[in-house]
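Novice:
In our numbering, the protein residues as written are 42 to 252.
Next up, the structure:
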């Protein structure tokens, strides 16, 4: 794949959720600290918070359990009993997101979400009335192999009939960057210069200069 984003060729912008569509650190911190407390574990360290911020709930609970299989099973049982919707209110939508999504639609561009969230994503889409803003939403429940495996991007490419060179993935983590690389699509870093490969935006509206 040509690493240079050619504006006229881009047909679809794919977004990560946590850290890109929303500032979700507080929401994730509250959820996993609550689960950690119920498991008899200490509050999340900064490193653990960064981990749960971009991995699936299953990987995150395994992290909290410290590889203890019994504790991991208990954590998964607790998760099933947890009302995930109660944490959605702590999400903060990133500035100019809806304005950008509207502008992309006006330009005839497709818009998709690729997230390692699971069942909580439907609550987010409903609470913030986002269904009409996206042509496709892929969560960790929709694939056998979540990010950074390329399966989620491949699903978007196949369903929307897209070539790799016609897609950009906007993400804020190393997991997102590796996902784009493994799938062979363009990558734009959001607010994280450490993972930028030459394309970095600090406001959603900036994506319009590349698309």
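Note that the Cβ used here is the ideal one computed from N, Cα and C, for glycine as well.
#1: With DSSP as the reference, identify every bridge partner of residue 59, one or two as the case may be.
#2: Could you check where the alpha helix (DSSP H) with residue 90 kicks off and where it finishes?
#3: How many Å lie between residue 70 and residue 128 at the Cα?
#4: How many angstroms separate the CA atom of residue 183 from the CA atom of residue 234?
#5: Return helix, strand or coil for residue 225, following the three-state DSSP convention.
#6: Confirm, please, whether the CB-CB distance from residue 232 to residue 188 is below 9 Å.
#7: Spatial neighbours of residue 168 within its chain, please: C-beta separation below 7 Å, excluding the five flanking residues on both sides.
#8: Please classify residue 154: does DSSP put it in a helix, a strand, or coil?
#9: CA-CA distance, residue 43 and residue 49?
#10: Quick check on this structure: which residue in 149, 179, 141 has the alpha carbon closest to the alpha carbon of residue 158?
#11: Suppose you measure from the CA of residue 160 to the CA of residue 193; what does that come to, to the nearest Å?
#12: Between 229, 239, 238, 237, which lies nearest to residue 245 when the distance is taken from Cα to Cα?
#13: What first and last residue would you give for the beta strand (DSSP E) that runs through residue 209?
#14: Cα-Cα, which of 176, 125, 162 is closest to residue 150?
#15: Throw me the rounded Cβ distance for the residue 125 and residue 116 pair, which I believe falls under 8 Å.
#16: Excluding the five sequence neighbours on either side, which residues of its own chain have a C-beta within less than 6 Å of the C-beta of residue 93, listed in chain order?
#17: Once DSSP output is grouped into helix, strand and coil, what is the label at residue 133?
#18: As an exercise, report each continuous beta strand (DSSP E) stretch of at least 3 residues that is fully enclosed by the region 140-197, in chain order.
#19: What residue does the alpha helix (DSSP H) around residue 110 start on, and which one ends it?
#20: What is the residue span of the alpha helix (DSSP H) that residue 240 lies within?
Specialist: Working from what's here:
#1: Translated into positions along the chain shown, residue 59 becomes position 18. Residue 59 is bridged to 63.
#2: Sequence index remark: in the chain shown, residue 90 carries index 49 (1-based). Residues 87-95.
#3: Mapped onto the chain shown, residue 70 falls at position 29. Mapped onto the chain shown, residue 128 falls at position 87. If I take the Cα positions, the gap works out to 10 Å.
#4: The sequence position of residue 183 within the chain shown is 142, counting from 1. The sequence position of residue 234 within the chain shown is 193, counting from 1. About 30 Å.
#5: In the chain shown, counting from the first residue as 1, residue 225 sits at position 184. Looking at residue 225 - three-state DSSP - the assignment turns out to be coil, as it is neither helix nor strand.
#6: Walking along the chain shown from the start, residue 188 turns up at place 147. Walking along the chain shown from the start, residue 232 turns up at place 191. No.
#7: Residue mapping note: residue 168 aligns to position 127 of the chain shown, counting from 1. The beta carbon of residue 168 is closer than 7 Å to those of 129 in its chain, skipping five residues each way along the sequence.
#8: In the chain shown, residue 154 corresponds to position 113, counting from 1. Under the three-state reduction of DSSP, residue 154 is assigned to strand.
#9: Numbered from its first residue, the chain shown carries residue 43 at position 2. Numbered from its first residue, the chain shown carries residue 49 at position 8. Confidence at residue 43 is low in this model, with a pLDDT of 48, below 50, so its placement is unreliable and no value can be given for it.
#10: Here residue 158 is taken as the residue at index 117 of the chain shown, counted from 1. Of 149, 179, 141, the residue nearest in Cα terms is 179.
#11: Stepping through the chain shown from its first residue, residue 160 is reached at position 119. Stepping through the chain shown from its first residue, residue 193 is reached at position 152. One C-alpha to the other measures close to 16 Å.
#12: In the chain shown, the residue the question calls residue 245 occupies position 204. Looking at the Cα atoms, 229 is the closest of the given residues.
#13: Within the chain shown, numbered from 1, the residue matching residue 209 stands at position 168. Start and end: 208-212.
#14: Here residue 150 corresponds to residue number 109 of the chain shown, with the count starting at 1. The residue with the shortest Cα to Cα distance from residue 150 is 176.
#15: Locating residue 125 in the chain shown gives position 84, counting from the first residue. Locating residue 116 in the chain shown gives position 75, counting from the first residue. With a Cβ gap of about 14 Å, residue 125 and residue 116 do not count as contacting.
#16: Locating residue 93 in the chain shown gives position 52, where the first residue counts as 1. Result list for residue 93: 69, 73, 101, in chain order.
#17: Along the chain shown, one-based indexing puts residue 133 at 92. The answer is strand: DSSP assigns residue 133 an E or B state.
#18: 151-155, 177-179
#19: For the purposes of this step, residue 110 is taken as residue 69 along the chain shown, with counting starting at 1. Run containing residue 110: 110-121, per the alpha helix (DSSP H) assignment.
#20: Within the chain shown, residue 240 is the residue found at index 199, counting from 1. Element bounds for residue 240: n/a, residue is neither H nor E.
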